[in-house]
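Scroll down for the structure; my scribbles are underneath it.
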Amino acid sequence: MKKKVLFGLLAGTLTLGIGTGAMASSALEPIKAYLNSKISLKLNGTAVTPKDANGKTVLPITYNGTTYLPVRAVGDLMDIDIRYDSATSSVLIGGNQGSPSETSSPLSLSSLGASVLGTSAWHTKDSSDTVYKGKDYKDVYLHTDSAKQGNSFQIMTGKKYAKLHLELAVTGGAQEIVIMDHNNSTLKKVSLAAEDGLVGVDVDVSAADFIFVEIVDEGPGTSLFVPLTSSYLTK
């Protein structure tokens, strides 16, 4: 029963994780609601603070006697994948984010481990390195020193996967990232700055035996953070 109640609260508030493009929708109806700072959250008996993708605390909303929680922030606390599909105006909750006939459940890079990642000097599970903006991702790639770690890492896709979803964040400045396939063909270029927060990048890897993610330009003192628990491959 508790799970049903919590799920209802998660699904109840759709506006808090949706971009400004969706806000212009004619389906939206103005309401008078209140941010409720008096309500605290506990997860399995432990006090927790819901935060958005940039690490900013988000508050519950009270409207007409019902309290609504921010779906993405609470999903992050519970390790539930939450995404917004602008094409269908849908909030996607859980692992299977599409029709079973069209796609399979995402497989995190962390769960796939050495079968796709091999070994890398970037890899760390040290809790002093795995936290970004208040959230502990447990298993990450962290690049801090090109001389010791090199400028790239490899993902072995073996033409078995359709899409790679990478999450990337830069701290301390800006970087230019290039994602290439086994033929050194550029699949995507990404410009990242610290103020961008955690950025999701989707790449078609259906024809790639393996791919490289390479830092081609970096500001002094910058680091690249890649959470392996929230980056994934789909077949």
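Letter by letter, the sequence shown follows residues 0 to 234 in numbering that gives the first Met the number 0. All C-beta atoms in this analysis are idealised placements derived from N, C-alpha and C, irrespective of residue type, glycine included. The structure presented is a predicted model; accordingly, all values stated were derived computationally and were not measured.
Within 9 Å, strictly: CB atoms of residue i and residue j
{"i": "L167", "j": "L108", "result": "no"}
{"i": "Q174", "j": "I210", "result": "no"}
{"i": "P226", "j": "D128", "result": "no"}
{"i": "S230", "j": "D80", "result": "no"}
{"i": "I60", "j": "L42", "result": "no"}
{"i": "G93", "j": "A120", "result": "no"}
Coarse secondary structure for residue i, derived from DSSP in three states
{"i": "S244", "result": "Because residue 244 is not part of the residues shown, which for the chain are 0 to 234, the question remains open."}
{"i": "V204", "result": "coil"}
{"i": "G74", "result": "helix"}
{"i": "L58", "result": "coil"}
Rounded C-alpha distance that separates residue i from residue j
{"i": "T12", "j": "L68", "result": "Annotation note: pLDDT 43 at T12 (below 50); position unreliable, coordinate value reported separately. Spanning the two alpha carbons is a distance of roughly 6 Å."}
{"i": "V202", "j": "D216", "result": "20 Å"}
{"i": "L141", "j": "V177", "result": "16 Å"}
{"i": "T250", "j": "N182", "result": "Since the first and last residues shown for the chain are 0 and 234, residue 250 lies out of range."}
{"i": "K187", "j": "T65", "result": "44 Å"}
{"i": "T102", "j": "N63", "result": "Caution applies to T102, whose pLDDT of 49 falls short of 50 and renders its modelled position unreliable; the value that the coordinates give is listed next. Approximately 39 Å, taken between the alpha carbons."}
{"i": "I214", "j": "Y131", "result": "20 Å"}
{"i": "K158", "j": "A207", "result": "5 Å"}
Minimum C-alpha distance to residue i - residue among the options
{"i": "G220", "options": "I60, T118 and V169", "result": "V169"}
{"i": "L40", "options": "E28, V57 and Y33", "result": "V57"}
{"i": "K134", "options": "K159, K187, G64 and A52", "result": "A52"}
Residues bridged to residue i (per DSSP)
{"i": "S224", "result": "Here residue 224 is Phe; the residue named in the question, Ser, does not match the sequence. DSSP lists L141 and A168 as partners of F224."}
{"i": "V212", "result": "F152 and I178"}
Any non-hydrogen atom of the ligand GTP within 8 Å of residue i CB
{"i": "Q174", "result": "Only the bare structure without any ligand can be found here, which leaves the ligand GTP out of the picture."}
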